[in-house]
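Order-wise, the sequence lines are chains A and B.
For the first sequence, this note's numbering begins at 40 and goes up steadily by one.
For the second sequence, this note's numbering begins at 180 and goes up steadily by one.
Everything on this sheet refers to the single structure shown next.
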Amino acid sequence: GAGVSQSPSNKVTEKGKDVELRCDPISGHTALYWYRQSLGQGLEFLIYFQGNSAPDKSGLPSDRFSAERTGGSVSTLTIQRTQQEDSAVYLCASSFAILGDNEQFFGPGTRLTVL
Amino acid sequence: RKEVEQDPGPFNVPEGATVAFNCTYSNSASQSFFWYRQDCRKEPKLLMSVYSSGNEDGRFTAQLNRASQYISLLIRDSKLSDSATYLCVVNMNRDDKIIFGKGTRLHILP
């Protein structure tokens, strides 16, 4: 079956522009996660959704970052007024449920470069 | 103490050797633990879950030590294809927070 997909795969933008990243989770997965990974670094947790609800937004780096999920499916991560330090690979993952022993399936990521 | 901590490595190990690395976690109430594998410029993929009783999958053995708050991953008869970064993942069970360690880099040498 189809895995987690993300678009675009690569995004180059100028400092100060807004960008929108999209994640299509595996059908039927109620939990969706966003992470950020800078070059050679570990995964930085940003936000997760249980259904359409995001109980914990504390991982978002600043108020320029926002995310939403509609219909319990597609999620978008929006970065406003991008800065060079926002350059990273943004990974989305989904799992059947948030609790317990649920494997997270990752998408291929969106590589964001802010010039 | 960091929430999830791993030795970043790299561990340079000859092919066929046994290698083990640990991951410590700070929240004693954590309930779920996993090892993920990430190849260079690829997304992470689940390697194995870590159960209280420990579990084994072929050449890989994962164990949980609740008293000392760490999990371990042991790889026997290492293969060149085992070269990757191994990420420790802990579900903190506090606000359902899931924390990834920064990973341990493993290089298997021919």
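Note that beta-carbon positions come from the ideal geometry of N, C-alpha and C, so glycine has one too.
- Message: Could you check whether asparagine 201 of chain B and isoleucine 250 of chain B sit closer than 9 Å to each other, using their CB atoms as the reference points?
- Response: Position 71 of the second sequence, counted from the start, is the residue given in the question as residue 250 of chain B. Position 22 of the second sequence, counted from the start, is the residue given in the question as residue 201 of chain B. Contact flag set, yes.
- Pick from A/Tyr72, A/Pro100, A/Glu83, A/Thr115 that is closest to proline 94 of chain A, judged by C-alpha positions: Taking the first residue of the first sequence as 1, we reach residue 94 of chain A at position 55. Answer by Cα proximity: A/Tyr72.
- Reduced DSSP secondary structure (H/G/I, E/B, other) of glutamine 76 of chain A: Position 37 of the first sequence, counted from the first residue, corresponds to residue 76 of chain A. Looking at glutamine 76 of chain A - three-state DSSP - the assignment turns out to be strand.
- Message: Cβ closer than 7 Å: which chain A residues qualify as neighbours of glycine 280 of chain B?
- Response: Stepping through the second sequence from its first residue, residue 280 of chain B is reached at position 101. Here the neighbours are Gly81.
- Message: Can you pull the chain B neighbours of glycine 148 of chain A, defined as C-beta to C-beta under 7 Å?
- Response: As a working mapping, residue 148 of chain A is identified with position 109 in the first sequence. Ordered by position in chain B, the residues that pass the 7 Å Cβ test against glycine 148 of chain A are Glu222.
- Output, in chain order, the set of chain B residues within a Cβ distance shorter than 8 Å of phenylalanine 145 of chain A. Locating residue 145 of chain A in the first sequence gives position 106, counting from the first residue. Chain B residues near phenylalanine 145 of chain A: Glu222, Pro223, Lys224.
- Message: Strictly below 8 Å CB to CB, what residues from chain A border leucine 266 of chain B?
- Response: As a working mapping, residue 266 of chain B is identified with position 87 in the second sequence. Those are Gly81, Leu82, listed as they occur along chain A.
- Taking only runs that begin and end inside the stretch 240-274 of chain B, name each unbroken beta strand (DSSP E) of 3 or more residues, in chain order. Entirely contained in the stretch 240-274 of chain B, the beta strand (DSSP E) runs reaching 3 residues are, in chain order, 249-254, 263-270.
- Item | Local conformation of glutamate 194 of chain B per DSSP, three classes | Numbered from its first residue, the second sequence carries residue 194 of chain B at position 15. Residue state, collapsed to three classes: coil.
- Measuring CA to CA, which of B/Leu243, B/Ile277, B/Ser231, B/Cys267 is closest to threonine 283 of chain B? Taking the first residue of the second sequence as position 1, residue 283 of chain B is located at position 104. Nearest option by C-alpha distance: B/Cys267.
- Query: Nearest chain A C-beta to phenylalanine 190 of chain B closer than 9 Å, yes or no?
  - Reply: Along the second sequence, one-based indexing puts residue 190 of chain B at 11. Not an interface residue.
- Does the Cβ of cysteine 219 of chain B have 16 or more other Cβ atoms within 10 Å, making it buried, or fewer, making it exposed? In the second sequence, the residue the question calls residue 219 of chain B occupies position 40. Flag for cysteine 219 of chain B reads exposed.
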